[in-house]
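Numbering follows this note's numbering, with no gaps: position 509 of the first sequence is 653.
Written below as structure tokens is the structure these notes are about.
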Amino acid sequence: MSNQITVSLPDGKTLSMEDGSTVLAVAERIGPGLAKATLAGRVDGKLVDLRTPLRTDCGIEIVTARDPEGGNVIRHSAEHVMADAVKRLFPDAQIDAGRADHSEKFQYDFLVDRPFTPEDLERIEKEMQSIIAEKAPFERRVVDREEARALFRGLDEELKLSRLDDIPDGEEITVFQHGDFVDLCRGPHVQRSDQIGAATLLEVSGTYFRGDERGPKLQRIYGTAFSSKKELKAYLARIEEARKRDHRRVGVALGLFQLDPAISPGSPFYLPKGVALYNGLVEFIRELYPKYGFEEILTPQLFRSELFKRSGHHDKFYDDMYWFAGADEDEELGMKAMNCPGHCHLFEIGKRSYRELPIRWAEFSRLHRNERSGTLTGLTRVRSFAQDDAHIYCEPDQVPGEVDAFFRMVREVYDKLGLEGVEMAVSTRSAEFLGEPEDWDVAEKVLIEAVERAGFVCRIKEGEAAFYAPKVEADFRDVLGRAWTLGTVQIDMAMPGRFGLRYVGRDGELHQPAMLHRAVLGSLERFIAIYIEHTGGDFPFWLAPVQVIVLPISEKQSEYARAVQGRLRDQRLRVGIDERSETLNWKIREAERQKIPLSLVVGEQEASNGTVSPRLRRSKDKIPVMAMDALTAMLVAASTERKMGPLE
RNA sequence: GCUGGCGUAGCUCAACUGGUAGAGCAUCGGAUUUGUAAUCCGAAGGUUAAGGGUUCGAGUCCCCUCGCCAGCUCCA
């Protein structure tokens, strides 16, 4: 029994420990300070509870609050503390299960006879504070199924008994206890409750047991916890900043769009400034298309359902589309929800030769999808949208080159937009897929290799692909650390076959082309929402709805100010003017609030010598007065070369 | 769709346990003619989301419709 195992530490040192020692014991051997700070361990890269006995030689890292995983351990423990607090205050409540999710929140579901009120949350939070102050140690126990069953039966925790039954035979069953509260749990957990430095409850919402609408209705409480009050404060500040940047608020404040869900749910009404932004993005992509070999096409908005039967959408996507009865008897029309069926049909209309491949067809048409009402959110989830969509038909051996070109375009576009830190995620086939498994293996491999060639970080999302294609998603993390999917490229395994697409090859025989779907910005609506929140409305100069505003100091300079505006407008710049009888200070304040990149102050001096006094957004730095000729040339260059700032 | 929380002026928000619907910004009018982030005065703006009910009296309580927000396979 007293065999020794060897554990190696991150710094290369090794320790000889008794077989069955815990992570905590290792930390204690290293030093008392580290032992005190220990929250969990990483054994051969895998997160484990600090009480788990070590049975074999292994590499160990000690997880403390400094480790990002440490926060998750703290939140996972705070979740138990919250459930404990609820049980103390509401002894009849049944516990279901909790979770520390990826967004720095934790949650726990309860079966109670009435919904929790905000006052209840305050009481629960207070109770949590006293549990934390009790410095209750967390204990881990391995139990067998019968013990666990007896335990939760004794506590009248029926939901928990049901959860227990979900655990497959042969799997180790562990429970964690602190004070009198015991829960079925894998861990890992903190040593004592006071390692939860700061915790607060955020909101309550309803949910269902196992997400099943027919099952019991539960109450879910959300909270968050950190190792220190300072971190909690920073988190709350981040939430507040996100709230301020909410595109629904900023979009309306900047006069970009209006939403009227009562009149058209899930569809934006774009105002002129919003259209400037929308068109600016479309024109940007459109301008790059010749370089990347794309041609734009336009296909109908309504198709007979025959088309969607061929594409498979009538079968797999029916409820997500809008359908109409046509004028002819039995005619069913489907509103365009995606461009690909129309593109495939267009491909098959002509006789295609290998000489014209790759065919790269792009389309910016508006699409309509019947999204469930509860899922609609601002511009991020809408029923009416457009994509910078394109489909590529090529010979199979041309696929890797096309995927490489996609990544080049993604990089160019995101760079100009100032989007950094994009990661790629390859989704592999799910249980339900069309086509041959061997073809999928090849396609998945092509995508992974292309991501690596392009030098992006590559993650794998097992089983997350759409039924017809493995895909790569460009995941972008915004300034607040939230991840969003932007562009995507997919290799279609189904549609060329379903449409019977053929081209004449070099050998004179008919062959089936490979087909790619790709979008760089993805949905323009979603992109605009994300971009508003990322930039806070501070758009790059080339994209700003109003690029320049002219600010005459008094009405005496009106005429000159209009001349300045006219001259810049002649160069296709978007230029406003503020001729109101307000102070200069007020006009500048307004220009700042409207996030206009450049203000041009014109007073008596400027008017008399043909100059302007430039003022950059968010900058107090003095800029010397500039002559109109020089300024005009500079602004035109900044706009056409798509620079971030006007005077770069 | 379902669960919970909500819905007051164009926007942001007030209105004690049911007792005369208010403020700031925006808008309009007037004064002011301003040199780098808030000039002054005044006016107008509401069927309190729609409908129904309880009450002497409803923004407030109840019912219903519409809409918004958060969440809704992913595990103890």
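Glycine included, each C-beta is placed from N, C-alpha and C at the ideal position.
With 16 other Cβ atoms within 10 Å as the buried cut-off, status of residue i
i    : result
Q335 : buried
I672 : buried
A549 : buried
Q148 : exposed
V225 : buried
M145 : Residue confidence for M145 is low, a pLDDT of 49 falling below 50, so the modelled location carries little weight and cannot support an answer.
A735 : buried
Y462 : exposed
N216 : buried
R670 : buried
D773 : exposed
C286 : Per the sequence presented here, residue 286 reads as Val, with Cys not at that position. Under this definition V286 is an exposed residue.
D126 : The structure shown does not extend to residue 126, since the chain is modelled only from 145 to 792, so the question has no answer here.
A184 : buried
P758 : buried
K615 : buried
Pairwise C-alpha distance: residue j and residue i
i    : j    : result
E301 : R289 : 15 Å
E427 : T784 : 11 Å
H458 : L403 : 30 Å
V719 : A420 : 12 Å
S449 : K190 : 51 Å
P332 : Y352 : 26 Å
Q445 : F413 : 19 Å
A569 : R297 : 44 Å
W467 : F685 : 42 Å
A781 : V547 : 32 Å
L328 : D338 : 21 Å
G641 : Q656 : 7 Å
W730 : R737 : 11 Å
R430 : D583 : 32 Å
K180 : A169 : 11 Å
L376 : E588 : 41 Å
R330 : V554 : 41 Å
Y366 : F254 : 12 Å
H322 : P154 : 31 Å
E726 : E748 : 16 Å
E567 : G680 : 22 Å
Beta carbon of residue i nearer than 7 Å to that of residue j
i    : j    : result
Q634 : H661 : yes
G486 : T519 : no
L742 : P790 : yes
F611 : F577 : yes
I676 : G399 : no
A343 : A222 : yes
G456 : R504 : no
A481 : R513 : yes
L501 : C538 : yes
E608 : S571 : yes
M272 : A241 : no
M639 : C488 : yes
V694 : I721 : yes
P197 : G175 : no
Opposing strand residues paired with residue i [DSSP bridges]
i    : result
W505 : E439, H535
W628 : F620
F254 : I239, Q363
T150 : S160
M568 : C602, A618
H655 : Y647
T521 : R525
A663 : D533, T632
Any non-hydrogen atom of the ligand PLP closer than 6 Å to residue i Cβ
i    : result
V326 : Absent from the structure shown: the ligand PLP. Ligands present: none.
Boundaries of the beta strand (DSSP E) in which residue i is found, first to last residue
i    : result
G317 : This sequence places Ile at residue 317; Gly is not what is there. 317-322 is the span of the beta strand (DSSP E), which, as asked, contains I317.
V690 : Here V690 belongs to no beta strand (DSSP E), and DSSP marks it neither H nor E.
A342 : 342-352
K190 : 190-192
V287 : 283-287
Residue interval of the alpha helix (DSSP H) (run including residue i)
i    : result
D472 : Here D472 belongs to no alpha helix (DSSP H), and DSSP marks it neither H nor E.
V207 : Counting along the chain, V207 falls outside any alpha helix (DSSP H), though it belongs to the beta strand (DSSP E) covering 202-207.
G177 : 176-181
T776 : 772-784
F671 : 668-679
S449 : 449-455
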